[in-house]
Structures are given as C-alpha cells and as structure tokens.
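So for the sequence shown, my numbering puts the first residue at 57; every next one is plus one. Working notes, structure below.
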Amino acid sequence: MPVVFERTRALTDVEFHYCPGCTHGIIHRLVGEVLEEMDELGSAIGVAPVGCSVLAYKYFNCDMHEAAHGRAPAMATGVKRVLPDRIVFTYQGDGDLASIGTAEIVHAAGRAENITVIFVNNAIYGMTGGQMAPTTMVGQKTTTSPLGRDPRMAGYPLRMSELLATIDGAAFVERVSVHNPAHIRKTKTAIRNAFACQKSSGGFSLVEVLSTCPTNWGMSPLESLDWLKESLIPYYPLGNFRRPGTEGGKHA
57 MPVVFERTRA
67 LTDVEFHYCP
77 GCTHGIIHRL
87 VGEVLEEMDE
97 LGSAIGVAPV
107 GCSVLAYKYF
117 NCDMHEAAHG
127 RAPAMATGVK
137 RVLPDRIVFT
147 YQGDGDLASI
157 GTAEIVHAAG
167 RAENITVIFV
177 NNAIYGMTGG
187 QMAPTTMVGQ
197 KTTTSPLGRD
207 PRMAGYPLRM
217 SELLATIDGA
227 AFVERVSVHN
237 PAHIRKTKTA
247 IRNAFACQKS
257 SGGFSLVEVL
267 STCPTNWGMS
277 PLESLDWLKE
287 SLIPYYPLGN
297 FRRPGTEGGK
307 HA
C-alpha cells in the first residue's frame, strides 16, 4: 500500500508538552515538513526563546539554541553572521516577540538580517499563566485584566506584521492562521516562501501565525478555533504585507 502521509523526519519522537487544542504542534509540523522538503534539515539552526515554545529544542530534529526571553533575533543574528550559508530561524510567541523582545525584532528587521522568524500569536501569555500580552484583544479577559483589556489603561493590541512591514529591511512578512485545513495549507506555503527568501539572501522574513490557547482563553478546543476566526482575524487580517520587490509594507 502506498504511503499517503508519514511523520516528518524534522520532528523527534518526543511527546509535545502543549495543552490539548493548542496549535503549536501543527505549526511545529509545518516548519519541520518545509525544512525536510527543502532538504535543509542538515543545515538548519533554530532558536527557541522563553514561552510555550521554550522546549522546542526537544522537538525539532535540527541544531537548536536557547535564547533569553525576547532575545532570539539577536542570537539568530549572531549565528547567521558566523554561518551565513545555514538556514537560521527563530520560533517565538507574542509575549516574547511583541513585548520584552520588541526592540530585538524591530532592529533585526531594520538591519535586514537574513533570518526567518516564525511568530506565533495567540493573544495571551501562555506558559506563565495567561496574563495580558501586547496582542491581547480589547475586552479580552486575562489573569491581569480580569474585567477585560481596557485601552484607556493598557493601550491597543499591536499588529506586529503591519508594523514590521513598514521597515525597509523587511523582505517578506505574512500573517496566516491554522484554524482549518485550508489555512493550514496556506500557512505551510508562507513558511516555505519565507525560507526561500532567506535562501536567496532576500533579507529579513517573518511569518505570523494566529494560534489558539484554549487553556488560558477558558474555552474548549473547538470554541477556541471559532473565537480565533470570529475575533482575532477581523483585527489581525490575514495576508501578505511585504514580499521582495514591494515597498512600504503594502499588500502585494
């Protein structure tokens, strides 16, 4: 019988620690499949920061480094400059990238560092207990905003893809989602395009993936998928914000 689907060699045989319904596992698989299909497993170097993905070094079957909270782009910069022929990527959450790591990601894009960033946005701090993140929606309840995020006190959620796409050093920026099979396929294409951009020395590339956090959202896995579609996507629209050959972060 022909093999229709099999586990990617890019992931180790280690059980994920993620909560039921969390879509980190899907995103891991997509990154792994792309690296394997591009024959880059032997050359890829990943950087995992602090957050739910802190144990990513256990799951990806390639060289991995561990960075301090928010500093994955800085570490990836050093690795890529020393080993320019290697595929270097970071795998970061919104609490990491959009909060303590804001300066790191902005300046990595500004310097046109030839790295790829996989940015997982679930609109909340996951690992540390469900606190409000820079991406938390207005009115969304968290452990540190039990009455819902109030923009008069906490400001408005940051749209990181739109922000980074305005930086001249950013070559590829796209926001995708993994809430259904069709969008999972689109996410894989975006990840492939981001790595291809790096291989062609195109500059800084980022794929923002809207993800779920059923545990900290206080929802079932199915409810969380619906909430992502109905609440996150309208505020964080899907699409490409920058690709090689475009300027000013305009949609291509």
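For each residue, glycine too, the CB sits at the ideal point set by N, CA and C.
Which one or two residues does DSSP pair with residue i in a beta bridge?
i	result
F260	A226
T198	S201
E122	A104
N177	L266
Between residue i and residue j, how many whole angstroms is the CB-CB distance? I'm expecting something under 8 Å.
i	j	result
S233	V265	7 Å
A100	C118	4 Å
P270	G77	4 Å
F228	R298	6 Å
A104	A123	7 Å
H80	S280	Wrong, their Cβ atoms sit about 13 Å apart, outside the cutoff.
Could you tell me the distance, in whole angstroms, from the CA atom of residue i to the CA atom of residue j?
i	j	result
C253	V106	26 Å
N249	S256	11 Å
G259	N170	4 Å
V110	V60	32 Å
P199	N272	According to the sequence displayed, residue 199 carries Thr and not Pro. Cα to Cα, the separation comes out at about 9 Å.
E93	I83	15 Å
Give the secondary structure of residue i by DSSP, where H, G and I count as helix, E and B as strand, and everything else as coil.
i	result
M188	coil
S233	strand
Y113	helix
A104	strand
I172	Ile is not the amino acid found at residue 172; the sequence shown has Thr there. Strand at T172.
T146	strand
L219	helix
H307	Bear in mind that the predicted position of H307 carries a pLDDT of just 37, short of 50, making it unreliable; the figure below should be weighed with that in mind. Residue state, collapsed to three classes: coil.
L214	coil
L67	strand
G77	coil
Extract the residue ranges of the alpha helix (DSSP H) inside the segment 242-301, only unbroken runs of 4 or more that lie entirely within it. 270-273 and 277-283
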